[in-house]
Amino acid sequence: MPPVTSGVRDTLNIGSSKIAVDMSDTIGLLQPNAEPFVSFLKIAKRNTEVANSAKFEWLEDDLLPRWDAVNLVAGYTAGDTSLVVDNGSYFSVNDVVKVPRTGEVMLVKAVATNTLTVGRGYGLTAAAAIVNDDPLVIIGNANQEGSGTRELKSTQEVPRFNYTQIFKTPFGVTGTENATKMYGGKDLGYQQMKGGVQHKIDIARSYMFGEKKLDTSGAKPMRTTGGLLSFLTKNNYDAGGLLTQPEFDNNISENVFKYGSKEKIMLCSARLLSVINGWAMGKLQINQTAKSFGLEIFEYITPFGKYQLMNYQQILEGAVYGGFGVIIDPANVKHRPLAGRDTKLETNIQANDVDARVDQYITEAGLEVRNPETHAVLTGVTS
Numbered sequence: 000m001p002p003v004t005s006g007v008r009d010t011l012n013i014g015s016s017k018i019a020v021d022m023s024d025t026i027g028l029l030q031p032n033a034e035p036f037v038s039f040l041k042i043a044k045r046n047t048e049v050a051n052s053a054k055f056e057w058l059e060d061d062l063l064p065r066w067d068a069v070n071l072v073a074g075y076t077a078g079d080t081s082l083v084v085d086n087g088s089y090f091s092v093n094d095v096v097k098v099p100r101t102g103e104v105m106l107v108k109a110v111a112t113n114t115l116t117v118g119r120g121y122g123l124t125a126a127a128a129i130v131n132d133d134p135l136v137i138i139g140n141a142n143q144e145g146s147g148t149r150e151l152k153s154t155q156e157v158p159r160f161n162y163t164q165i166f167k168t169p170f171g172v173t174g175t176e177n178a179t180k181m182y183g184g185k186d187l188g189y190q191q192m193k194g195g196v197q198h199k200i201d202i203a204r205s206y207m208f209g210e211k212k213l214d215t216s217g218a219k220p221m222r223t224t225g226g227l228l229s230f231l232t233k234n235n236y237d238a239g240g241l242l243t244q245p246e247f248d249n250n251i252s253e254n255v256f257k258y259g260s261k262e263k264i265m266l267c268s269a270r271l272l273s274v275i276n277g278w279a280m281g282k283l284q285i286n287q288t289a290k291s292f293g294l295e296i297f298e299y300i301t302p303f304g305k306y307q308l309m310n311y312q313q314i315l316e317g318a319v320y321g322g323f324g325v326i327i328d329p330a331n332v333k334h335r336p337l338a339g340r341d342t343k344l345e346t347n348i349q350a351n352d353v354d355a356r357v358d359q360y361i362t363e364a365g366l367e368v369r370n371p372e373t374h375a376v377l378t379g380v381t382s
């Protein structure tokens, strides 16, 4: 890693190799495309929505649940018509319920808290013994001719929130340094470009690893935004070393494509990208639309849906995160800048009596992540 210099850059701490010596007129930047995900959120306008407050909120909802289970250790005989279940609120009178293990169909005749009164063998399949934790699925409902309206049921929306975070990346040069002829052009322009990359990486790391917090211990409030890993609590799978293609499909693809979009973004550590490339040798395709915006994105197609693979090795690195993959449903993730506070370059912010030029990038924004069931986190991949 290059040495780090604190404070305003002058003609001594910039490094003598940048001042007129015999070298290439181009300075190679180590990480020019280090952060594709935040770039994607900003480029795809539908993934950016202005926040009108430092605390922004949204609601999450789902369809009525269909699956439940029997809740009695001793189980039930084929003749029992009163069954205790985990969640009686899921059921209504005249619901038609199937026991997948036995194939039996039952008709719900009454609901009292978590106890169902049912008609057994309500079809061609005979009633059979039911064991504890037997899954039950509501397959529909049946109603008499001329009957009135069924019981009204709906799900309750769940409120979620996050905070915007203020990000600053300052840089500067003395007046003398700014006037000095250098290979590669003016140093200020180079620092401006490099500062922009660093600013974006700071946002990207916070959008991955951050946890939301409102800190009122100082003279003014300070907030941090919650990142992806703090929201993605469903569909998490630890590979524990070797990850095979069938294992990936069974434990990730089957689950993550069950809900939401049939096209997901996968932020890949270098190791995970290598593993997937080994399965799909010669089958990964460049996303030409993304390439037109300067983003390197590869498409990986499964029977369940399509992944857009992003090389995220600058963020997902190290002994732990180097084995990660984070799968995102782009329809449920948004960059939320506070109104008028998306990324700006502020110039000449130095004090009036300072013989220097100081600029800074500033952003106040947070991340919105809806419906964890539509995303996934893969960990522990080593080979």
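For what it's worth, numbering that gives the first Met the number 0 labels the leading residue of the sequence shown as 0, then goes sequentially.
Quick reminder that beta carbons are idealized off the backbone N, C-alpha and C, glycines included.
Given the structure is predicted, the values throughout are model-derived calculations rather than measurements.
Query, Result
"Three-state secondary structure (DSSP) of Ala355", "strand"
"Enclosing alpha helix (DSSP H) for Pro169 [first to last residue]", "Note, Pro169: premise wrong, no alpha helix (DSSP H); beta strand (DSSP E) at Gln164 to Thr173."
"Delimiting residues of the alpha helix (DSSP H) encompassing Glu246", "Gln244 to Phe247"
"Inter-residue Cα distance where the pair is Gly6 and Val37", "28 Å"
"Contact between the stretch 120 to 130 and the stretch 328 to 340 (3+ Cβ pairs under 8 Å)", "no"
"Other residues of its chain near Tyr306: CB distance less than 6 Å, five sequence neighbours each side excluded", "Lys263, Met265 and Tyr299"
"Minimum C-alpha distance to Glu363 - residue among Ala50, Gln244 and Glu34", "Ala50"
"Range of the contiguous beta strand (DSSP E) that encloses Lys384", "Residue 384 lies beyond the range of the chain shown here (0 to 382); nothing can be said about it."
"Coarse secondary structure for Tyr121, derived from DSSP in three states", "coil"
"Between the CA atoms of Val83 and Leu71 - distance to the nearest angstrom", "7 Å"
"Separation of Tyr311 from Val376, as counted between CA atoms", "14 Å"
"Thr154 vs Asp61 beta-carbon contact at 8 Å", "yes"
"C-alpha gap between Thr116 and Asn140, whole angstroms", "15 Å"
"At least three beta-carbon pairs within less than 8 Å, the stretch 157 to 175 to the stretch 189 to 207", "yes"
"Presumed contact (8 Å Cβ cut-off) between Tyr258 and Asn86, rounded CB distance", "Going by Cβ atoms, the distance from Tyr258 to Asn86 rounds to 19 Å, so no, they are not a contact pair."
"Contacts around Phe39, its chain only, beta-carbon distance under 6 Å, and the 5 residues preceding and following it disregarded", "none"
"Under the three-state DSSP convention, the category Asn235 falls into", "strand"
"For Tyr75, the residue or residues it bridges with in DSSP", "Ile129"
"Selected residue, minimal CA-CA separation from Gly321, among Ile327, Val110, Glu345 and Thr378", "Thr378"
"Alpha-carbon spacing of Arg149 relative to Gly118, whole angstroms", "18 Å"
"Proximal residues to Asp355 (C-beta, below 7 Å), its chain only, five neighbours per side dropped", "Looking at the sequence shown, residue 355 is not Asp but Ala. The residues are Val7, Gly171, Val172, Thr173, Gly174 and Gln349."
"Straight-line Cα distance separating Thr80 from Gly102", "16 Å"
"Proximity to Gly365 [Cα-Cα], best of Ala68, Pro169 and Leu213", "Leu213"
"CB-CB length for Tyr89 against Val104, believed under 8 Å", "Contact flag wrong, Cβ pair sits at about 17 Å."
"Residue from Val368, Ala77 and His198 whose Cα sits closest to the Cα of Thr124", "Ala77"
"Close-in-space but distant-in-sequence residues of the same chain around Leu315 (CB under 6 Å, 5 per side omitted)", "Ser268 and Phe323"
"Outcome for Lys343 when other beta-carbon atoms lying within 10 angstroms are tallied against a minimum of 16", "exposed"
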